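*Asks:* So for the sequence shown, my numbering puts the first residue at 11; every next one is plus one.
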Amino acid sequence: MSALAHAATKPVADWREQLALVVTTTREMSRQTDPQEMRRIYVERMSQLRPIDASVSISRRGLQPPWYRVTRSTRWTEDVNPWKEAHRLPLLSGGLLAELIYGDQPRLFDDLRVPDDDPAAEYLAEFRSVVAIPLYDGGAALNMALLMRREPGAFDPADLPDLVMMSNLFGRATHDLLLMQRLQEAYDAADHEMKLVADIQRSLLPKKSPQIPTLATATYYHTSQRAGGDYYDFFHFADGQWGILIADVSGHGTPAAVLMAVTHSLAHTYNGPPTPPGELLNYVNSYLARLYTSESNTFVTAFYGVYDPAKRTLRYASAGHPPPRLLRRGAAAPVELDSAAGVPLGIEAAERYREQQVQLAPGDQLLLYTDGITEAEAADGSMFGTARLDAAVQGGAASPANLLRSVLNAVDAYTGSRPATDDRTLLAAQVL
11 MSALAHAATK PVADWREQLA LVVTTTREMS RQTDPQEMRR IYVERMSQLR
61 PIDASVSISR RGLQPPWYRV TRSTRWTEDV NPWKEAHRLP LLSGGLLAEL
111 IYGDQPRLFD DLRVPDDDPA AEYLAEFRSV VAIPLYDGGA ALNMALLMRR
161 EPGAFDPADL PDLVMMSNLF GRATHDLLLM QRLQEAYDAA DHEMKLVADI
211 QRSLLPKKSP QIPTLATATY YHTSQRAGGD YYDFFHFADG QWGILIADVS
261 GHGTPAAVLM AVTHSLAHTY NGPPTPPGEL LNYVNSYLAR LYTSESNTFV
311 TAFYGVYDPA KRTLRYASAG HPPPRLLRRG AAAPVELDSA AGVPLGIEAA
361 ERYREQQVQL APGDQLLLYT DGITEAEAAD GSMFGTARLD AAVQGGAASP
411 ANLLRSVLNA VDAYTGSRPA TDDRTLLAAQ VL
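(1) Specify whether the segment 376 to 384 and the segment 278 to 289 touch according to this definition: at least 3 beta carbon pairs, one from each stretch, less than 8 Å apart.
(2) When the Cα atoms are used, what is the spatial distance from residue 314 to residue 234?
(3) Could you give the DSSP three-state label for residue 18: helix, strand or coil?
(4) What are the boundary residues of the beta strand (DSSP E) that residue 347 is part of?
(5) With a Cβ-Cβ cutoff of 8 Å, do residue 437 and residue 417 count as a contact?
(6) Helix, strand or coil for residue 445, going by three-state DSSP, please let me know.
(7) Rounded to whole angstroms, how far is the Cβ of residue 434 from the Cβ of residue 396, which I believe are closer than 8 Å?
(8) Return the CA-CA distance between residue 284 and residue 273, expressed in angstroms with no decimal places.
(9) Please report how far the alpha carbon of residue 358 lies from the alpha carbon of residue 295, in whole angstroms.
(10) Look up residue 119 in the DSSP assignment and say whether it is helix, strand or coil.
(11) Have a look at the DSSP bridge pairing and note the partners of residue 387.
(12) Would you grab the beta carbon distance between residue 93 and residue 45 for me? Rounded to a whole angstrom, and I think it's under 8 Å.
(13) Straight-line CA distance for residue 182 to residue 147?
(14) For residue 247, count neighbouring Cβ atoms within 10 angstroms of its own Cβ and tell me buried if that reaches 16, exposed if not.
(15) Check the C-beta distance from residue 325 over to residue 372 and give it rounded, since I have them as a contact under 8 Å.
(16) Starting from residue 68, trace the beta strand (DSSP E) both ways and give me its first and last residue.
(17) For residue 223, count the other beta carbons within 10 Å of its own beta carbon; 16 or more makes it buried, fewer makes it exposed. Which is it?
(18) Measure the CB-CB distance between residue 461 and residue 356 and report whether it falls below 8 Å.
(19) For residue 398 versus residue 420, is the C-beta spacing smaller than 8 Å?
(20) I need the straight-line Cα distance from residue 90 to residue 140, nearest angstrom please.
(21) So, under 8 Å CB-CB, residue 76 and residue 104 are touching, yes? Tell me the CB distance rounded to an integer number of Å.
(22) Based on the DSSP secondary-structure assignment, which residues constitute the bridge partners of residue 440?
(23) For residue 258 versus residue 344, is the C-beta spacing smaller than 8 Å?
(24) Quick check: what's the CA-CA separation for residue 220 versus residue 228?
(25) Bridge partners of residue 101, per DSSP?
(26) Do residue 79 and residue 68 have their beta-carbon atoms positioned less than 8 Å apart in this structure?
(27) Whose CA, out of 160, 73 and 200, lies closest to the CA of residue 102?
(28) If you reduce the DSSP assignment to three classes, tell me which class residue 246 lands in.
(29) Quick one: residues in its chain with C-beta nearer than 6 Å to the C-beta of residue 122, no 5 flanking neighbours on either side, listed in chain order?
(30) Terminal residues of the continuous alpha helix (DSSP H) containing residue 300?
(31) Residue 13 by DSSP, collapsed to three states: which one?
(32) Applying the criterion that 16 or more other CB atoms from any shown protein chain within 10 Å of the CB defines a buried residue, is residue 306 buried or exposed?
(33) Where residue 127 and residue 96 are concerned, what is the direct C-alpha to C-alpha distance, given to the nearest angstrom?
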């Protein structure tokens, strides 16, 4: 039963006691995350300041005149949650309560007599004093609270301004808390869906680095959100060669993850010969541009190479992707593999990607990366850049795993370990 059904009969008179009650009430309300519980606390405590015999709340939200709903009543024996159980709320039409809520103004009745045929007679009949307090939302009284006493002339008209102000402030606080609750529920649902998307996305990536003859590899993959648009893959061909792909979808989050999955699917449906590598990029680009990216203004950068373990050669093609770094054994600095640059995938369906070949030797190291590495920002907004990347590559020449650690440590040191704002992917390889 509602707290108001047994409201206090002796009001708190002393201002110090009133202030203490208000402070206690507002402090306790501030801890609440459930609007239903916050309202219970407010009603229970405020009834000590202004005792009443009964109350009823009504709403016209989403309705047209003269319809309204009864959302709360101290006559009810069950505590109905109007926000979650709207189907249980009585729907009434016309009568005094319709006149009041559509009138948009506070009203005070000192000697109310309600006709027996009034739609709300069961809520009002035995009460002679009634205060009708409109609760405004968007400038209109979408809700209204009615406080009632059995004896006539029980309310002081001088209290009406405070009642209207306090009730509307509380109503706004309840409304805001309800919005916060719904936003949290929506966020939790979206976050759950994003987690599922992220799990599906990660299932598309290689479970572990493959065993490639004459080539050791190591990978690092980190999304800035639950799901992201970075992608890497390995392809083993019947003739013993291996395809190595790294790609980066424009944008972040779920849209990028979806296009990443599409790119993965296209790459795995290509059934042409492993070389030239530009043919795979031609195939993926044609489908992306014709079917997926033309209306969304998205694109995919990619670097694709085919490694021949027997010859230790890498034939490669690039679609607007950051050039990998090649550190020759004993060299002072890495060089860029930038001789086969082309436009990103998904922009022009007729684009054709050319290839280049590089001869590798034992001890050579190769680093493929996405721009989340070089565009990682320090506190002042400056980017990590390729010069720092090359320095880190030089410092990690012992093994692919060591190369990854060197780059990631350098990025963390430069950014102060600030959270990544873009996806970061690294693929390191060393010729054996």
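All residues carry an ideal CB built from backbone N, CA and C; glycine is no exception.
Note that this is a predicted model, so its numbers are computed, not measured.
*Replies:* Reading from the atomic positions:
(1) The segment 376 to 384 is not in contact with the segment 278 to 289.
(2) C-alpha separation (whole angstroms): 24 Å.
(3) Note that residue 18 has pLDDT 40, beneath the 50 cutoff, so the model's placement of it is unreliable and the number below is only indicative. Residue 18: coil per DSSP, three-state reduction.
(4) Taken as a continuous stretch (DSSP letters only), residue 347 belongs to no beta strand (DSSP E), as it is neither H nor E.
(5) No Cβ-Cβ contact shorter than 8 Å links residue 437 with residue 417.
(6) Given a span of 11 to 442 for the chain in the structure shown, any question on residue 445 remains unanswerable.
(7) Residue 434 to residue 396, Cβ: 15 Å. No contact.
(8) Cα to Cα, residue 284 sits roughly 17 Å from residue 273.
(9) So the alpha carbons of these two residues sit roughly 8 Å apart.
(10) Strand.
(11) The partner list for residue 387 (beta bridge, DSSP) reads 393.
(12) 7 Å between Cβ atoms; contact.
(13) Cα to Cα, the separation comes out at about 8 Å.
(14) Exposed is the label assigned to residue 247, since fewer than 16 other Cβ atoms lie within 10 Å of its Cβ.
(15) Contact between residue 325 and residue 372 is absent: CB atoms are separated by about 19 Å, not below the 8 Å threshold.
(16) Membership of residue 68 in the beta strand (DSSP E) is indicated by the continuous run 64 to 69.
(17) Burial call: exposed.
(18) Absent from the model: residue 461. The displayed extent of the chain is 11 to 442, so no value can be given.
(19) Yes, these two residues count as a Cβ contact at 8 Å.
(20) Near 23 Å, if we compare the C-alpha coordinates of residue 140 and residue 90.
(21) Between residue 104 and residue 76 the Cβ distance is about 4 Å, and since that is below 8 Å, they are a contact.
(22) According to DSSP, which records beta bridges pairwise, residue 440 is partnered with 226 and 375.
(23) Not closer than 8 Å, so no.
(24) For residue 220 and residue 228, the distance between alpha carbons rounds to 9 Å.
(25) Residue 101 pairs with 79.
(26) A contact, by the Cβ cut-off of 8 Å.
(27) Among 160, 73 and 200, the Cα nearest to that of residue 102 belongs to 73.
(28) In the structure shown, residue 246 adopts extended strand secondary structure according to DSSP, grouped into three states.
(29) Excluding its 5 nearest sequence neighbours in each direction, residue 122 has C-beta neighbours in its own chain below 6 Å: 138 and 140, listed in chain order.
(30) Residue 300 -> no alpha helix (DSSP H), and no H or E assigned at all.
(31) Residue placement at residue 13 cannot be trusted, given a pLDDT of 39 that sits under 50; what the coordinates show is reported in the next sentence. In this structure, residue 13 counts as helix in the three-state DSSP scheme.
(32) It is exposed - the Cβ of residue 306 has fewer than 16 other Cβ atoms within 10 Å.
(33) Put simply, the backbone Cα of residue 127 is about 25 Å away from that of residue 96.
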